[in-house]
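Novice:
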Amino acid sequence: MPEPRRFYQTTAIDYPNSRPHIGTAFEKIGADVQARYRRQQGYRVHFLMGNDENTIKVVERAQQLGVDPKPYVDDMARQFREVWQSLDISFDDFIQTSEERHRIGCQKFIQRVYDAGDIYKRNYQALYCEGCEEFKTESQLTPQRRCPNHANRDLRLVEEENYFFRLSKYGPRLLELYEARPDFIQPEGRRNEVVSLVRGGLEDVSISRRNFTWGIDIPWDAEHKIYVWFDALLNYITGVGHGTDEALFAQWWPAAVHFIGKDITRFHCALWPAMLWSAGLELPQRVFAHGFVYIKNEATDEVQKISKSLGNVIEPLDIVREFSSDAFRYYFMRECPFGGDGEFSFARFAATYNGDLANNLGNLFSRTVSMAVRYFDGVLTGSRAIAPTDMFASVDLAALTASVSADIEACRYATALETIWRQVLDTGNRYIEETRPWLLANSSKPEYDLEACRRVLVNLAEAVRVAAILLRPFLPRTAAKLYAGFNFPGPFAEQSLATIVARPAEHEDLRVTAELVDGKLPPMFPKIEPQRAKA
RNA sequence: GGCGGCGUAGCUCAGUUGGUUAGAGCAGCGGAAUCAUAAUCCGCGUGUCCGGGGUUCGAGUCCCUGCGCCGCUACCA
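Counting from 143, one number per residue, gives the positions in the first sequence under our numbering.
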């Protein structure tokens with residue numbers, strides 16, 4: 143047996159000053175599909191998620207609540223994990239940047255960069271708005287160089303001694319990287335943005351702040367804390383043992399892919415590689431920047447950003463409780479292209495759920511199982527001798543599998559799902575209409591032919607098997623139920639996409655093994671009543 | 001302002017290197033069927049492929065231009 147290929151992937155770490163919403167969940171689901179797919183294909187996967195806790199906002203929020211930062215972030219981390227678990231996000235580890243392993247790894251890393259001569263001290267000037275009580279960037283200012291929220295008062299110029307990282311010197315090397323590895327940044331549009339940013343010239347970045355009480359000390363100067371990005375990005379290596387467990391680190395680094403939001407592309411594609419070069423570490427293989435989810439207001443038809451002030455935040459747990467995690471996952475993976483932006487509305491959710499999940503998928507499974515039970519008492523005697531090749535005669539299963547694989551690997555999840563629906567599920571439903579098994583099973587009809595009927599059902603079971611395998615990364619619970627519908631040969635866990643064409647040998651005749659209630663299959667996806675599609 | 005992207009059926013979107021009557025899903029209309037969660041199947045679109053000009057035997061697909069929308073334009077996550 144060859145050593146299984148390793149696949150280390152990460153998501154962005156989140157700020158724990160508010161609970162995760164559906165936009166945050168979008169990223170995690172997309173990452174989870176990749177992780178589940180890779181595991182299914184035999185990779186050894188390590189899937190890291192986490193929270194970004196060393197920020198001033200955490201301290202402020204904890205103060206508002208009258209608690210210390212650490213218990214606050216620990217409780218938020220618990221809440222985040224709870225949401226991710228309810229969405230069946232199969233993360234292997236969850237790092238909090240307030241953990242010791244992060245502090246130790248972080249300090250060792252920054253020391254290496256310091257020793258390499260890439261960190262120096264100098265004055266940092268910034269514009270401070272007393273109204274907002276925070277620093278403003280040039281790009282945030284009004285034409286009069288005032289704060290947009292407090293245009294009637296001047297900004298204060300604040301100077302502070304900070305440590306700076308020599309990002310500027312890595313510009314040329316970054317451009318070489320983008321040139322040599324065009325797929326380092328995906329999708330391509332994001333890559334172009336980063337290229338033009340770096341072409342425009344990079345400045346050194348400040349990486350420390352004084353007078354912070356929360357965060358990680360600069361190891362050689364405890365008056366300074368490590369500031370934002372230099373701390374946050376390092377979770378990707380401290381989470382797999384950098385500085386604390388070098389054997390583990392050697393096993394997983396470099397990462398196969400970082401999943402991030404499009405807004406933080408430049409930190410991951412310019413700053414992060416430069417940091418790693420400086421410390422003498424390898425670069426991740428790929429950075430994938432996904433789009434954002436917007437809320438479509440059904441009353442006004444407006445497309446809005448998700449925000450607390452607009453009051454349109456949707457709790458993932460609400461949807462999971464009312465429908466299912468698979469329904470939640472399906473909507474976002476099918477309706478929102480991962481590399482681009484997407485929209486959410488309950489009306490659209492209900493339409494997708496009812497059409498694709500309840501009607502096309504759930505009902506296909508239901509009618510298949512139901513006919514097998516009704517016409518054959520659930521046992522397809524002699525099925526071993528029947529090759530299920532009729533239904534997919536018009537479909538090239540090898541090409542279909544290859545195309546779905548390629549789409550998933552490129553994070554074209556919506557395309558992969560569309561292919562599965564059109565080529566597998568639609569084909570299945572059409573096949574039933576064409577063969578009309580209810581006539582074949584009816585002894586009073588001229589079409590009566592029980593052998594032919596059995597053959598049809600063996601083919602339909604095959605559709606269920608193929609669908610189960612293909613859908614597994616997207617809809618883990620549904621896929622498991624589909625596969626458990628019949629006594630297919632071989633445990634589901636061992637069914638890679640290759641087993642779609644190279645079917646495992648049958649040891650016994652097919653029979654229905656789905657759980658029945660009063661002899662019937664309960665609906666997988668009970669319909670959403672249109673009027674219940676709340677606004 | 002600069003750089004980049006987008007604008008295709010009522011809605012959401014596909015449309016490789018330019019090549020036959022521009023496609024899918026949903027919605028709508030008509031029909032069939034009844035195994036099934038009234039699900040499914042078949043049929044039905046005179047779409048200015050944003051407008052204008054150009055290259056070409058031929059352009060949704062390339063070039064120029066006008067309009068509209070969006071992204072990026074560094075220390076904010």
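Virtual Cβ for every residue (Gly too), placed ideally from N, Cα, C.
Given the structure is predicted, the values throughout are model-derived calculations rather than measurements.
Let's see if you can read the secondary structure: which residues bound the alpha helix (DSSP H) around Met475?
Specialist: Boundaries of the alpha helix (DSSP H) around Met475: 467-477.
Novice: Roughly how many whole angstroms lie between the Cα atoms of Ala173 and Phe474?
Specialist: Ala173 and Phe474 have their C-alpha atoms some 12 Å from each other.
Novice: Could you tell me the boundaries of the alpha helix (DSSP H) in which Asp549 lies?
Specialist: 539-551
Novice: Would the beta-carbon of Tyr436 fall within 8 Å of that of Ile670?
Specialist: no
Novice: Look up Ala268 in the DSSP assignment and say whether it is helix, strand or coil.
Specialist: strand
Novice: Check whether the stretch 594-607 touches the stretch 628-648, taking contact to mean three or more Cβ pairs, one atom from each stretch, closer than 8 Å.
Specialist: yes
Novice: Is the CB-CB distance between Asp373 and Asn196 below 8 Å?
Specialist: Going by C-beta atoms, Asp373 is nearer than 8 Å to Asn196.
Novice: Answer with buried or exposed for Arg674, where buried requires no fewer than 16 other C-beta atoms within 10 angstroms of its C-beta.
Specialist: Bear in mind that the predicted position of Arg674 carries a pLDDT of just 47, short of 50, making it unreliable; the figure below should be weighed with that in mind. Exposed.
Novice: Could you tell me which of Ala552, Asn377, Lys367, Arg203 sits nearest to Leu190, measuring between CA atoms?
Specialist: Asn377
Novice: Please determine, among Ser467, Tyr179, Gly524, Phe306, the residue with the shortest C-alpha to C-alpha distance to His649.
Specialist: Gly524
Novice: Is it true that the stretch 415-431 meets the stretch 326-346, where meeting means three or more beta-carbon pairs spaced less than 8 Å apart?
Specialist: yes
Novice: Does the distance from the C-beta atom of Asp468 to that of Thr355 stay below 8 Å?
Specialist: no
Novice: Where does Asp87 fall in DSSP's three states?
Specialist: In the structure displayed, the chain extends from 143 to 677; residue 87 sits before or after that span and is not available.
Novice: Identify which residue in Asn159, Val598, Glu169 has its Cα closest to the Cα of Gly482.
Specialist: Glu169
Novice: State buried or exposed for Ala644, treating a residue as buried only when at least 16 other CB atoms are found within 10 Å of its CB.
Specialist: exposed
Novice: Please go through the same chain and pick out, in chain order, the residues whose beta-carbon is closer than 7 Å to the beta-carbon of Ala677, but skip the five residues on each side of it.
Specialist: With a pLDDT of only 36 at Ala677, under the threshold of 50, the placement of this residue in the model should not be trusted, and no figure is reported.
Novice: How many angstroms separate the CA atom of Val300 from the CA atom of Asn265?
Specialist: 10 Å
Novice: Measuring alpha carbon to alpha carbon, tell me which of Phe616, Pro664, Arg341 ends up nearest Arg180.
Specialist: Phe616
Novice: Is DSSP giving Met666 helix, strand or coil here?
Specialist: coil
Novice: Just checking my contact of Ile164 with Phe491 at CB under 8 Å: how many whole Å lie between their CB atoms?
Specialist: Their Cβ separation, rounded to whole angstroms, is 10 Å, which puts Ile164 and Phe491 out of contact at 8 Å.
Novice: What does the alpha-carbon distance come out to for the pair Gln206 and Val187?
Specialist: If you take the alpha carbons of Gln206 and Val187, they lie about 40 Å apart.
Novice: With a 10 Å radius around its C-beta and 16 neighbouring C-beta atoms as the bar for buried, classify Tyr305 as buried or exposed.
Specialist: buried
Novice: Locate the beta strand (DSSP E) running through His163, then write down its first and last residues.
Specialist: Where His163 is concerned, there is no enclosing beta strand (DSSP E), given that its DSSP letter is neither H nor E.
Novice: Contact between the stretch 338-349 and the stretch 208-219 is defined here as three or more beta-carbon pairs at a separation below 8 Å; is this criterion met?
Specialist: no
Novice: If you follow the beta strand (DSSP E) that Ala431 is part of, which residue opens it and which one closes it?
Specialist: 429-432 is the extent of the beta strand (DSSP E) around Ala431.
Novice: Do Leu539 and Thr561 have their C-beta atoms closer together than 8 Å?
Specialist: Not closer than 8 Å, so no.
Novice: Helix, strand or coil: how does DSSP classify Lys450 here?
Specialist: When secondary structure is reduced to three states using DSSP, Lys450 falls in the coil class, being assigned neither helix nor strand.
Novice: Taking Phe616 as part of the beta strand (DSSP E), name the residues at either end of that continuous run.
Specialist: Here Phe616 belongs to no beta strand (DSSP E), and DSSP marks it neither H nor E.
Novice: Assuming contact is defined by CB atoms lying nearer than 8 Å, are Ala656 and Gly627 in contact in what I supplied?
Specialist: yes
Novice: Using 8 Å as the threshold, is the stretch 377-393 in touch with the stretch 236-250, meaning 3 or more CB pairs across them?
Specialist: yes
Novice: Does the structure place the stretch 412-426 close enough to the stretch 313-327 that three or more beta carbon pairs sit under 8 Å?
Specialist: yes
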